[in-house]
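I have placed the structure first, in the form of structure tokens, so that the comments after it can refer back to it.
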Amino acid sequence: MTDTPMNETPTRDTIARRTVLVATGATAATLAVGAAAPGTSTAPTIDTAPVAAAAVCTLTKEMTEGPYYLDGQYVRADITEGKAGFPLKLALTVVDDDTCAPIGNALVEIWHCDALGEYSGYVGNNGHNEPDSGTFLRGGVLTNAGGVANITTVYPGWYRGRCVHIHVKVHVGVTLTSDGSFTGGTELHTGQLFFAETVTARVGALSPYSANTVTRTTLAQDSIYDDGGAASGLLTLTALGGSPSAGYSGTLTLGVER
Numbered sequence: 552m553t554d555t556p557m558n559e560t561p562t563r564d565t566i567a568r569r570t571v572l573v574a575t576g577a578t579a580a581t582l583a584v585g586a587a588a589p590g591t592s593t594a595p596t597i598d599t600a601p602v603a604a605a606a607v608c609t610l611t612k613e614m615t616e617g618p619y620y621l622d623g624q625y626v627r628a629d630i631t632e633g634k635a636g637f638p639l640k641l642a643l644t645v646v647d648d649d650t651c652a653p654i655g656n657a658l659v660e661i662w663h664c665d666a667l668g669e670y671s672g673y674v675g676n677n678g679h680n681e682p683d684s685g686t687f688l689r690g691g692v693l694t695n696a697g698g699v700a701n702i703t704t705v706y707p708g709w710y711r712g713r714c715v716h717i718h719v720k721v722h723v724g725v726t727l728t729s730d731g732s733f734t735g736g737t738e739l740h741t742g743q744l745f746f747a748e749t750v751t752a753r754v755g756a757l758s759p760y761s762a763n764t765v766t767r768t769t770l771a772q773d774s775i776y777d778d779g780g781a782a783s784g785l786l787t788l789t790a791l792g793g794s795p796s797a798g799y800s801g802t803l804t805l806g807v808e809r
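Taken in order, the sequence shown gives residues 552 to 809; the numbers are from my numbering.
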């Protein structure tokens with residue numbers, strides 16, 4: 552588990568696995584797709600009814616899991632554990648790639664680094680010393696009947712060689728365990744979520760992010776993000792207040808092959 556972030560290179564098999572993003576028409580508007588320009592103030596509609604099979608879907612590739620995944624994380628809507636950072640309210644909608652219908656009861660799991668670029672379970676890899684619970688900024692929730700997973704976290708920081716991002720997996724058929732975790736099921740998607748460079752620049756200039764001493768890699772410099780916009784995981788970000796410290800909401804609709 553000592554691989555560096557620079558080894559986060561997609562494999563041919565990973566890229567071949569299919570995910571889709573609802574991209575056009577009334578379905579896109581209904582499902583809060585990330586087709587609008589990131590950072591806009593238009594609030595998306597989150598909870599939805601099943602979508603007609605006639606909707607237009609655009610294929611998008613999966614992305615590497617990376618070296619910092621840990622099994623057995625908690626099923627919980629708030630993964631912050633008191634970590635410093637600006638609030639981030641995620642609303643991720645999971646749909647079937649064939650019908651574009653929302654998939655309920657799917658587990659959407661995320662993990663990412665904190666403001667100083669450190670992952671729980673691996674603190675110190677980005678050159679900063681801090682307590683390590685092994686669980687902060689990790690976890691997931693089951694989607695509701697509209698296919699939506701709502702997760703509260705903080706805006707991520709950055710580490711050597713990577714732009715700001717969040718890792719995501721989608722599982723179906725999991726069993727919830729008595730210790731608050733999950734087991735079993737089938738993994739349908741592994742990907743990454745990305746952030747508009749203009750927003751990240753504003754966030755990164757402020758405390759606690761400004762204490763991160765590692766040079767930040769931009770979207771254009773990143774070895775994983777391919778400049779594909781929402782189809783490559785770029786979130787639609789909406790400011791929650793008048794300053795970056797008030798936080799953001801982030802929406803995206805992921806389609807998976809069942």
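Ideal Cβ positions, reconstructed from N, Cα and C, are used throughout, including at glycine.
As assigned by DSSP and simplified to three states, the class of residue i
{"i": "Val674", "result": "coil"}
{"i": "Thr749", "result": "helix"}
{"i": "Tyr776", "result": "coil"}
{"i": "Tyr760", "result": "helix"}
{"i": "Thr635", "result": "Residue 635 is actually Ala in this sequence, not Thr. Correct three-state label for Ala635: coil."}
{"i": "Gly668", "result": "coil"}
{"i": "Ser796", "result": "helix"}
{"i": "Gly755", "result": "helix"}
{"i": "Ala657", "result": "coil"}
{"i": "Leu803", "result": "strand"}
{"i": "Ala782", "result": "helix"}
{"i": "Leu641", "result": "strand"}
{"i": "Gly742", "result": "strand"}
Rounded straight-line distance, which links the Cα of residue j to that of residue i
{"i": "Thr769", "j": "Arg713", "result": "8 angstroms"}
{"i": "Gly678", "j": "Val705", "result": "20 angstroms"}
{"i": "Pro653", "j": "Asn701", "result": "14 angstroms"}
{"i": "Gly623", "j": "Phe733", "result": "6 angstroms"}
{"i": "Gly798", "j": "Arg689", "result": "19 angstroms"}
{"i": "Pro759", "j": "Phe637", "result": "9 angstroms"}
{"i": "Tyr673", "j": "Gly617", "result": "13 angstroms"}
{"i": "Thr737", "j": "Gly731", "result": "19 angstroms"}
{"i": "His740", "j": "Leu785", "result": "16 angstroms"}
{"i": "Thr789", "j": "Leu744", "result": "15 angstroms"}
{"i": "Cys651", "j": "Ala628", "result": "25 angstroms"}
{"i": "Ala782", "j": "Thr751", "result": "19 angstroms"}
{"i": "Thr749", "j": "Ser729", "result": "42 angstroms"}
{"i": "Ser774", "j": "Gly655", "result": "33 angstroms"}
{"i": "Arg711", "j": "Gly779", "result": "22 angstroms"}
{"i": "Trp662", "j": "Phe746", "result": "15 angstroms"}
For residue i, the nearest candidate out of the options (CA to CA)
{"i": "Arg809", "options": "Asp683, Tyr710, Asp773 and Ala657", "result": "Ala657"}
{"i": "Leu643", "options": "Thr787, Ala756, Ser796 and Ser794", "result": "Thr787"}
{"i": "Val725", "options": "Asn763, Thr749 and Leu693", "result": "Leu693"}
{"i": "Val754", "options": "Gly793, Leu803, Val626 and Asp648", "result": "Gly793"}
{"i": "Leu805", "options": "Val699, Gly685, Lys634 and Thr764", "result": "Val699"}
Contact test: residue i Cβ vs the ligand NAD heavy atom, cutoff 7 angstroms
{"i": "Ala666", "result": "With respect to the ligand NAD, the structure shown offers nothing to examine, as it has no ligands at all."}
request  = Can you check the segment 670-730 for any beta strand (DSSP E) of at least 3 residues that lies completely inside it and give the ranges in chain order?
outcome  = 689-693, 699-705 and 716-723
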